Amino acid sequence: MRSSLILCTATRFLLPIILMFSFFILLRGHNEPGGGFIGGLVAASAFALYAISHGVTYAQQLLKVNPINLIASGLIIALSSGLFAVFNGSNFMQGYWSEFKFPVIGKIGTPLIFDIGVYFLVLGIALLIIFSLAEEEEEIQ
Amino acid sequence: MNLIVLPVILPLLFAVIMLFAWKYISLQRILNLVGSLILLIVSVLLFTTVLSDGVQSLHLGNWKAPFGIVFAADILSSVMVLISSIIAFTTALYSFSTIDNERESFGYYPLLNTLIMGINGAFLTGDVFNLYVWFEVMLISSFVLLVLGGTRNQLEGGIKYFTLNLISSAFFLAAVGLLYGLTGTLNMADLSEKIKLAGDNGLITVISIFFLISFGIKSAVFPLYFWLPSSYHTPPSPVSAIFAGLLTKVGVYSLIRMFTLVFTVNSEFLTNIILIVAVFTMVTGVFGAASQNEIRKILSFHIISQIGYMIMGLGLYSVLGIAGAVFYLIHHIIVKTNLFFIGGLIQKLQGTYELKKLGGLYKVYPIIGLLFLIPALSLAGIPPLSGFWAKFLIVKAGLELQEILVVVISLFVSLLTLFSMTKIWNEVFWKPAPKDNPEISFKHFTLSKKIMIFSPIVFLAILTVIIGFSVEEVFQIANQSANELLNPINYINKVLGRF
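Those protein sequences? They're chains A and B, same order as listed. Each residue of the first sequence is one higher than the one before, starting from 0 at the first, in numbering that gives the first Met the number 0. Each residue of the second sequence is one higher than the one before, starting from 0 at the first, in numbering that gives the first Met the number 0.
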């Protein structure tokens with residue numbers, strides 16, 4: 000699959016920026032618009048862009064992990080945020096917050112862990128769909 | 000009481016672990032078995048706790064009801080969770096030798112677990128919108144399980160199943176919206192009190208009919224059941240067994256829950272509709288079965304006619320009637336799943352579900368004939384098996400309320416059920432094997448596979464017999480549950496946190 004030189008070069012610069020932006024959106028969530036779902040979609044768009052410019056196989060190599068593992072880790076991170084309360088002797092899904100206020104981010108709590116889980120889950124599912132569709136496309140060509 | 004959420008968390012946890020083991024199918028199999036065994040133990044624990052300590056509830060995230068989501072387990076919920084865990088466990092055993100490698104490698108086991116998660120969630124939740132969410136979890140998993148493998152038949156059945164269930168979900172969602180607009184709450188216990196304050200409002204009747212249509216489609220009652228016989232015979236046998244056992248019964252459970260806890264205001268009007276629907280469901284289901292010549296299609300139509308009995312118990316709306324419905328649920332899930340298991344076994348032996356091409360099985364494997372007879376006769380209602388007692392309770396409840404016509408029809412349907420079961424018996428076991436398909440053997444089966452395919456069947460058959468002989472205990476549980484359902488004050492107080 001051939002694509003333009005401009006796109007290839009631009010992607011190389013855009014990829015880290017988009018990923019950073021997705022992380023910013025993830026952390027911005029909870030109190031302001033943002034969160035794991037949109038963050039995950041933005042991160043997936045970064046890899047999708049790379050898949051368009053360089054081909055799917057390179058994008059998969061760049062990702063290094065199988066999207067299914069991303070889905071599974073996302074789910075387990077989200078689940079652990081709920082189980083945290085259970086091991087603390089409280090009701091499932093109870094939220095806990097740190098006393099200490101971190102610079103920039105603010106207080107960190109279990110909802111953030113849940114959001115990180117969502118982030119990976121959405122990233123994994125979006126990439127799984129994009130990769131399998133794109134692979135089919137390449138096979139046809 | 001975090002124990003209540005465990006039947007939901009455990010299948011999810013195991014599904015996730017299986018996702019990590021995506022490429023290692025034999026590991027997934029073992030995980031599935033271990034997971035369902037742990038689930039079974041947890042459900043037994045939950046059941047005994049509920050029996051000894053009464054209704055249990057959990058406010059998720061410590062958000063107080065009615066603002067947060069509540070999980071609540073009364074006897075009905077915990078019995079249903081227990082039975083669904085038994086079915087999950089037997090299906091895990093049965094899948095070992097009946098599901099093909101291709102389906103296994105495309106996520107059969109994780110999907111099975113998310114399906115169980117959805118079913119258990121629906122049984123345990125105390126919030127109407129949350130119930131909707133669990134229904135969706137269950138449906139999405141079942142859509143994929145139904146079409147997994149992608150044969151032409153499966154896709155055709157899948158489309159019908161998908162479309163009708165989508166309509167049902169739309170009705171459900173519309174009803175939930177209207178209910179929230181009217182009362183300002185979606186917590187079932189809270190609704191139960193608030194809806195009485197709304198008075199004799201026409202809108203409540205509309206909402207209740209919406210719920211009736213939505214749950215009616217999901218539990219396959221009279222005019223809305225067409226998706227069931229056109230889809231349940233298409234997937235591989237363990238999938239159709241778990242569908243046949245559990246999915247429609249989640250609809251029945253929701254009907255019982257909503258129409259005893261929430262919609263009791265204009266019950267005269269509602270119970271009449273439910274009774275009429277029940278009668279037509281029984282009759283059309285059993286006639287449909289009589290006209291079929293394929294094992295799983297016959298059994299699918301019988302699900303419909305049996306749903307009629309459960310709905311009839313609800314429609315009678317007395318303690319005995321609802322106790323009968325609960326008893327029927329317990330009996331039916333076990334028996335129906337077992338019949339589908341045996342259907343799958345017959346197909347493994349002779350390669351087909353068509354009655355015309357089957358035959359002579361009794362001569363070669365009389366033991367399979369016996370194993371078939373136990374659930375089949377139980378389904379038809381022959382004493383002393385569980386089905387007899389289930390029907391007896393419902394008929395007695397009907398006689399007490401002088402619904403003679405309904406009772407007569409239900410007995411007539413029972414007779415036709417016996418006819419269908421004898422038809423399968425005659426064609427599959429009794430008549431000589433047809434010439435073009437004489438081969439009956441276990442030649443593809445290693446010993447361990449044989450054990451794996453027989454053990455769930457034997458287990459469920461023993462369970463049927465046990466229910467039949469310890470009817471007193473099971474009836475006590477059903478009766479207690481019916482009392483709880485008709486006087487839900489304990490449930491409401493527990494969920495809303497008042498003591």
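C-beta: ideal position from N, C-alpha, C; glycine also. Please read these numbers as outputs of a predicted model, since none were measured by experiment.
Ignore the nearest five residues each way along the sequence and tell me which others in Q479 of chain B's own chain have a CB closer than 7 Å to its CB. The residue labelled residue 479 of chain B in the question sits at position 480 within the second sequence. Contacts found: I74.
Can you find a C-beta in chain B that's less than 9 Å from the C-beta of V85 of chain A? Start at 1 with the first residue of the first sequence, and residue 85 of chain A comes out as number 86. Closer than 9 Å to some Cβ of chain B, the Cβ of V85 of chain A qualifies, so yes.
Can you check whether the C-beta of S97 of chain A is within less than 9 Å of a C-beta belonging to chain B? Along the first sequence, read from residue 1 onward, the residue named residue 97 of chain A stands at position 98. Not an interface residue.
Quick one: is A72 of chain B near chain A, going by C-beta distance under 9 Å? Indexing the second sequence from 1 puts residue 72 of chain B at position 73. Not one chain A Cβ lies under 9 Å of A72 of chain B.
Relative to the alpha-carbon of A477 of chain B, which residue among B:Y316, B:L154, B:V43, B:G323 has its alpha-carbon at the smallest distance? If you number the second sequence from 1, residue 477 of chain B lands on position 478. Considering only alpha carbons, the answer is B:G323.
7 Å CB neighbourhood of L400 of chain B in its chain, flanking five on each side removed: The count along the second sequence starts at 1 and reaches residue 400 of chain B at position 401. Cβ within range, chain order: L315, S317.
For the beta strand (DSSP E) that L75 of chain B lies in, which residues bound it at each end? Position 76 of the second sequence, counted from the first residue, corresponds to residue 75 of chain B. That residue, L75 of chain B, is in no beta strand (DSSP E); its alpha helix (DSSP H) goes 74-97.
Take L57 of chain B and list the residues in its own chain whose beta-carbon comes closer than 8 Å to its own, dropping the five residues that flank it on each side. Taking the second sequence and counting its residues from 1, one reaches residue 57 of chain B at position 58. Cβ within range, chain order: M0, N1, I3, V4, V69, F70, A71.
Could you tell me which of B:R256, B:G67, B:D126 sits nearest to N482 of chain B, measuring between CA atoms? Taking the second sequence and counting its residues from 1, the one referred to as residue 482 of chain B is at position 483. Considering only alpha carbons, the answer is B:R256.
Hey, could you find the ends of the beta strand (DSSP E) S56 of chain B is sitting in? Taking the second sequence and counting its residues from 1, the one referred to as residue 56 of chain B is at position 57. First-last of the beta strand (DSSP E) with S56 of chain B: 55-58.
Per DSSP, which one or two residues make a beta bridge with D52 of chain B? Residue numbering aside, residue 52 of chain B sits at position 53 when the second sequence is read from its first letter. The partner list for D52 of chain B (beta bridge, DSSP) is empty, contrary to what the question assumes.
Determine whether the beta carbon atoms of P374 of chain B and F468 of chain B lie at a separation below 9 Å. The residue given as residue 374 of chain B occupies position 375 in the second sequence. The residue given as residue 468 of chain B occupies position 469 in the second sequence. Not in contact: P374 of chain B and F468 of chain B (Cβ atoms no closer than 9 Å).
Using only alpha-carbon positions, find the residue among B:W62, B:V251, B:M309, B:T233 that is nearest to L154 of chain B. Residue numbering aside, residue 154 of chain B sits at position 155 when the second sequence is read from its first letter. Cα-wise, what sits closest to L154 of chain B is B:T233.
Using a C-beta cutoff of 9 Å, does L185 of chain B count as contacting chain A? Taking the first residue of the second sequence as 1, we reach residue 185 of chain B at position 186. With 9 Å as the cut-off, L185 of chain B does not count as an interface residue toward chain A.
Tell me, which residues are paired with W424 of chain B by DSSP? For the purposes of this step, residue 424 of chain B is taken as residue 425 along the second sequence, with counting starting at 1. DSSP, once it has assigned bridges, lists no residue as partnering W424 of chain B.
Please confirm whether any heavy atom of the ligand ZN lies closer than 8 Å to the CB of I166 of chain B. This structure lacks the ligand ZN, and indeed carries no ligand of any kind.
G342 of chain B to L298 of chain B span [Cα, whole Å]: In the second sequence, residue 342 of chain B corresponds to position 343, counting from 1. In the second sequence, residue 298 of chain B corresponds to position 299, counting from 1. Their Cα atoms are separated by approximately 9 Å.
Let's test the definition: count the other Cβ atoms within 10 Å of the Cβ of F411 of chain B and tell me whether it reaches 16, buried, or not, exposed. As a first step, residue 411 of chain B is located in the second sequence; it is residue number 412 there, counting from the start. With fewer than 16 Cβ atoms within 10 Å of its Cβ, F411 of chain B is classed as exposed.
Please determine, among B:F19, B:V285, B:V80, the residue with the shortest C-alpha to C-alpha distance to V49 of chain B. Your numbering for residue 49 of chain B matches position 50 in the second sequence. Checked all of B:F19, B:V285, B:V80; the closest Cα to V49 of chain B is B:V80.
Neighbour-count burial assignment, N337 of chain B, 16 or more Cβ in a 10 Å radius: Along the second sequence, one-based indexing puts residue 337 of chain B at 338. Buried, because 16 or more other Cβ atoms sit within 10 Å of the Cβ of N337 of chain B.
On the DSSP letters alone, give me the boundaries of the beta strand (DSSP E) that W96 of chain A sits inside. Your numbering for residue 96 of chain A matches position 97 in the first sequence. Counting along the chain, the beta strand (DSSP E) containing W96 of chain A begins and ends at 96-101.
With a cut-off of 9 Å, does the C-beta of G81 of chain A fall near any C-beta of chain B? Indexing the first sequence from 1 puts residue 81 of chain A at position 82. Interface residue, yes.
Determine the chain B residues that contact N68 of chain A at a beta-carbon separation under 7 Å, and present them in chain order. What you label residue 68 of chain A is simply residue 69 of the first sequence in a count that begins at 1. The contacting residues are F19.
At the 9 Å Cβ level, is Q93 of chain A part of the contact set with chain B, yes or no? Counting from 1 along the first sequence, the entry for residue 93 of chain A is found at position 94. With 9 Å as the cut-off, Q93 of chain A counts as an interface residue toward chain B.
Measure the CB-CB distance between I423 of chain B and L354 of chain B and report whether it falls below 9 Å. Start at 1 with the first residue of the second sequence, and residue 423 of chain B comes out as number 424. Start at 1 with the first residue of the second sequence, and residue 354 of chain B comes out as number 355. Against a cut-off of 9 Å, the Cβ pair of L354 of chain B and I423 of chain B comes out as a contact.
Is the stretch 10-21 of chain A touching the stretch 93-108 of chain A in the sense that three or more CB pairs, one from each, lie closer than 8 Å? no
If you run the structure through DSSP and keep just helix, strand and coil, what is D114 of chain A? Here residue 114 of chain A refers to the residue found at position 115 of the first sequence. Helix at D114 of chain A.
Assigned exposure category for K217 of chain B - 16 Cβ within 10 Å defines buried: Walking along the second sequence from the start, residue 217 of chain B turns up at place 218. Classification for K217 of chain B: buried.
Is F19 of chain B helix, strand or coil when you go by DSSP? One-based indexing of the second sequence puts residue 19 of chain B at position 20. Here F19 of chain B sits in helix by DSSP.
DSSP bridge partner residues for A106 of chain A (one or two, in chain order): Along the first sequence, one-based indexing puts residue 106 of chain A at 107. Note on residue identity: the sequence assigns Lys, not Ala, to residue 106 of chain A. Its beta-bridge partners are A:K100.
Pick out the complete alpha helix (DSSP H) segments inside the stretch 453-490 of chain B, 4 residues or longer, and give them in chain order. 470-485
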